[in-house]
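Peer 1: Sharing a structure below in structure tokens format, with a few things to ask.
There are 2 protein chains.
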Amino acid sequence: MFRPNITAMQGYVPGEQPRGMEFVKLNTNENPFPCSPAVKAAIGRVCQSGLQRYPDPMATAFRERAAELFKHEVPGITPDWILCGNGSDDILTIVTRSFVAPGGLIRFPRPSYILYNTLAAIQGAESETVDFKSDWTLGSAFTAANERLQLAFLPNPNSPTGTVIAPDKVAKLAAALPCPLIVDEAYADFATTNCLGLVAENERVIVTRTLSKSYSLAGLRFGFAVAQPQIIEQLIKVKDSYNCDSLSIAGATAAIDDQAYFAKTRDAIIATRERMTGALRGLGFECIDSQANFVWCRHGKRESRDLYQQLKDAGVLVRYMNYAGWGEGLRISVGSDEQCDLLLAKLGGMV
Amino acid sequence: MFRPNITAMQGYVPGEQPRGMEFVKLNTNENPFPCSPAVKAAIGRVCQSGLQRYPDPMATAFRERAAELFKHEVPGITPDWILCGNGSDDILTIVTRSFVAPGGLIRFPRPSYILYNTLAAIQGAESETVDFKSDWTLGSAFTAANERLQLAFLPNPNSPTGTVIAPDKVAKLAAALPCPLIVDEAYADFATTNCLGLVAENERVIVTRTLSKSYSLAGLRFGFAVAQPQIIEQLIKVKDSYNCDSLSIAGATAAIDDQAYFAKTRDAIIATRERMTGALRGLGFECIDSQANFVWCRHGKRESRDLYQQLKDAGVLVRYMNYAGWGEGLRISVGSDEQCDLLLAKLGGMV
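Those protein sequences? They're chains C and R, same order as listed. Taking full-length UniProt numbering, I'd label the letters of the first sequence as residues 1 to 351. Taking full-length UniProt numbering, I'd label the letters of the second sequence as residues 1 to 351.
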């Protein structure tokens, strides 16, 4: 009854979202700060005017404001360069369905976002991973010709490592690839560079963003893609007609309109990230310099899995990740200063 | 770059959702009443507690309440029999991706929901329509063997006709079909029967519902499927991890908890529907008896397209539909009594 690729595949398992019990939750890169008060006000206004009508299928209000916001980064951008989605996961699904046929191949780095593998499996396609080099860039294997290659994903900053490939290097990867390149910038707001500018130069570059992390809106589900209009025009065919609801469109628009709040909370997270990285190193962890809102680390003497479990028992959730054939470690989200202090205190008693 | 089926296809065009200008909007089967006040209260509570965390991936709160609500209709139902989606369109996409491979065949009645054709095209599959018989049931052509047949959709009540195939007849169709049958019950709350009970008897029957129409929540995007747990378990693999947001889960749960409000508004719509049907006939329209929140009609002497345009010019939006090779007509949503009176007054001056 089901397609064989569906029956055979394992479903994607998102990071633990415990209900009921209170954890210090540093496992899914949520923002410790509440969203801008302007978001709540906008949602309240929509509730007041009623929910009985369908939302704007194209989320026009958001696209207009986002085009304005990015006008210095993307020369020539208009609302037609933007596609909104029910979280950036929705966008990743749309691009996969648009470009990848069963039997096709999707390429992405290892280690990176595990979901790409699931997207390939649902589509009946194959995944191919290319290991990062020791400097966290990607070599020629990432752009190697393969007649079945239909899509490449590059999370940048990458998860779980928090590393960034510089835009000029990404431009070269995109130019060498025989297929579209999705630059998944879920964490770009915490980095010093991004690849938005490449979109204007190469129609095969699609940048995806989410409001889940840097705008504290994981619960709202809102993400978007930036690409040239002739690309967006095709992607629109593949999305569900009303993929964003009225509340999320209003909330997301209000969120990007409050850039002062955004900058303040982002700067606080970056400051805590730097402090946390230093403190973890002081406790004997090997940490990679991160440009995201999490830190990837391994302790010199303790097993990562054991530390994950000890922390969980102590009420602190972090993410233990194990990439077969590559290695394992802990991905710890940057929380508030108080959460960071608590984490460090607990770890101090364990290592 | 794009898959050939995507480039070749036309995108689905949803009913007009005009922004800015005020219409009496009777074109997309929205509910004229606001949603239950309990929905707004629940959304307010979620806003208050914050949106920075991811939602419950499985919308457990809703599934628990829905299983309770349907326990008399579906023997043995538990939350595991329910899958929530970002509108029932999300559910229709999930089942299509789960069962249909490129080159496969999807079968559905003509005239019915145009989106099924789009779902097939995105998947690279073919559509086959089977005309309704003169009594609005479906004959053996609907269940005929075809080795490429992978999925059948039956909207029940059907759109645009508002007609219903009785559950015992649907059971026979499902038993005779070589593939799963999706009974799309978007409008079932306005009908005298439904097919929920068939789910317990046949694992290949999947019933889909939406809160857009009968719960006045088109703007919230929330729908769900009811099927046996071993079916739901596979469908979960295909959905986006966090396909429903925190606000919609809370709002939808509050909506189905307020059955008194639901019954009151539904009964009002059914009463207006009966009155509107009689009045349209009095104006010379041929109307089919409807079990949904809209009426399908054609005037004996006037062209449907002309009436659509005249009504639009007069500030009243209805849906003009033309099914190639089958026929055309107007699908008019049942609004409030005031909206209905205005529609009838305008039509009275036109026909």
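All residues carry an ideal CB built from backbone N, CA and C; glycine is no exception. Owing to the predicted nature of the structure, the values given are computational and were not obtained by experimental measurement.
1. Examine chain R for any beta-carbon lying closer than 8 Å to the beta-carbon of C:I106, and answer yes or no.
2. For R:Q213, count neighbouring C-beta atoms within 10 Å of its own C-beta (all shown protein chains included) and say buried if the count is 16 or more, exposed if not.
3. By DSSP, does residue 387 of chain C sit in helix, in strand, or in coil?
4. So, at 7 Å on beta carbons, what are the nonlocal neighbours of R:L51 in its own chain, with the 5 sequence-adjacent residues on each side left out?
5. Determine the extent of the alpha helix (DSSP H) in which R:C340 is found, giving its start and end residues.
6. From which residue to which residue does the beta strand (DSSP E) around R:Q150 run?
7. By the DSSP assignment, the alpha helix (DSSP H) with R:V46 in it spans what residues?
8. Quick one: using the 10 Å Cβ neighbour count with 16 as the cut-off for buried, is R:E233 buried or exposed?
9. Cutting at 6 Å between CB atoms, please list the residues of its own chain near C:P155, excluding the five before and the five after it.
10. Could you tell me which chain R residues have their CB closer than 7 Å to the CB of C:T210, listed as they occur along the chain?
11. What residue from C:I82, C:Q150, C:F132 and C:P57 has the CA that sits closest to C:S98's CA?
12. Would you mind sorting C:R107 into buried or exposed? The rule is 16 or more other CB atoms within 10 Å of its CB.
13. Which same chain residues, not among the five before or five after C:V351, have their C-beta less than 6 Å away from its C-beta?
14. Buried or exposed: which applies to C:E30, given that a residue is buried once 16 or more other Cβ atoms fall within 10 Å of its Cβ?
15. For the putative contact between R:W296 and R:S304, defined by C-beta atoms under 8 Å, what is the C-beta separation to the nearest angstrom?
16. Can you name the residues of chain C whose CB is closer than 8 Å to the CB of R:V238?
17. Rounded to whole angstroms, how far is the Cβ of C:D139 from the Cβ of C:K133, which I believe are closer than 8 Å?
18. Can you pull the chain R residues whose beta carbon is under 7 Å from the beta carbon of C:E201, in chain order?
19. So, using beta-carbon positions, are C:V46 and C:A255 closer together than 8 Å?
20. Whose C-alpha, out of R:L235, R:G329 and R:K312, is nearest the C-alpha of C:L2?
21. For chain C, is any of its Cβ atoms less than 8 Å away from the one on residue 357 of chain R?
22. If we define contact as Cβ-Cβ less than 8 Å, is residue 359 of chain R a contact residue for chain C?
23. Provide the residue span of the alpha helix (DSSP H) that contains C:I122, from first to last.
24. Taking only beta carbons into account, state which residues of the segment 12-42 of chain R come closer than 9 Å to chain C, listed in chain order.
25. Closer than 8 Å, CB to CB, is C:N86 near chain R or not?
26. Taking CB distances under 8 Å as the criterion, tell me whether R:P102 reaches chain C.
27. Against chain C, which members of the segment 67-93 of chain R pass a CB distance test of less than 9 Å?
28. Whose C-alpha, out of C:D337, C:L311 and C:W326, is nearest the C-alpha of C:L347?
29. To the nearest whole angstrom, what separates the beta carbons of C:T143 and C:L173, a pair I think is in contact under 8 Å?
30. Got a sec: is the Cβ-Cβ distance from C:G284 to anything in chain D below 8 Å?
31. Going by DSSP in three states, R:L317 sits in which element: helix, strand or coil?
32. Taking the continuous beta strand (DSSP E) assigned at C:S333, which residues delimit it?
33. Determine, for C:Q339, whether the minimum Cβ-Cβ distance to residues of chain R falls below 8 Å.
34. Under 7 Å Cβ-Cβ, which residues of chain C neighbour R:G50?
35. Starting from the beta carbon of R:P111, find every residue of chain C whose beta carbon is closer than 9 Å, and list them in chain order.
36. Could you check the C-alpha separation between C:R266 and C:S336 for me, to the nearest Å?
Peer 2: For this structure:
1. no
2. Contrary to the premise, residue 213 of chain R reads as Lys rather than Gln in this sequence. Looking at its Cβ environment, which holds 16 or more other Cβ atoms inside 10 Å, R:K213 is buried.
3. In the structure displayed, chain C extends from 1 to 351; residue 387 of chain C sits before or after that span and is not available.
4. S246
5. D337 to G348
6. L149 to P155
7. P37 to S49
8. exposed
9. S112, Y113 and D184
10. Near C:T210 there are no residues of chain R at all, since even the closest Cβ is about 11 Å away, more than 7 Å.
11. C:Q150
12. buried
13. L283, G284, H299 and R302
14. buried
15. No, R:W296 and R:S304 are not in contact; Cβ-Cβ is about 10 Å, not under 8 Å.
16. I6 and I122
17. It should be noted that the sequence gives Gly, not Asp, for residue 139 of chain C. Sure, about 6 Å apart at Cβ, within 8 Å.
18. Simply none; closest approach about 16 Å.
19. no
20. For the sequence presented, residue 2 of chain C should be read as Phe rather than Leu. Ranking R:L235, R:G329 and R:K312 by Cα distance to C:F2 puts R:L235 first.
21. This structure does not reach residue 357 of chain R, given that chain R is present from 1 up to 351, and the question cannot be answered.
22. What is shown of chain R runs 1 to 351, which leaves residue 359 of chain R out entirely.
23. L115 to Q123
24. Y12, V13, P14, G15, Q17, R19, K25, T28, E30, N31, P32, F33, P34, C35, V39 and K40
25. yes
26. yes
27. N86, G87, D89, D90, L92 and T93
28. C:L311
29. 6 Å
30. The question asks about chain D, but that chain is absent: this structure's protein chains are C and R.
31. strand
32. G327 to S333
33. no
34. P34
35. The contacting residues do not exist; R:P111 stays about 19 Å from chain C at best.
36. 11 Å
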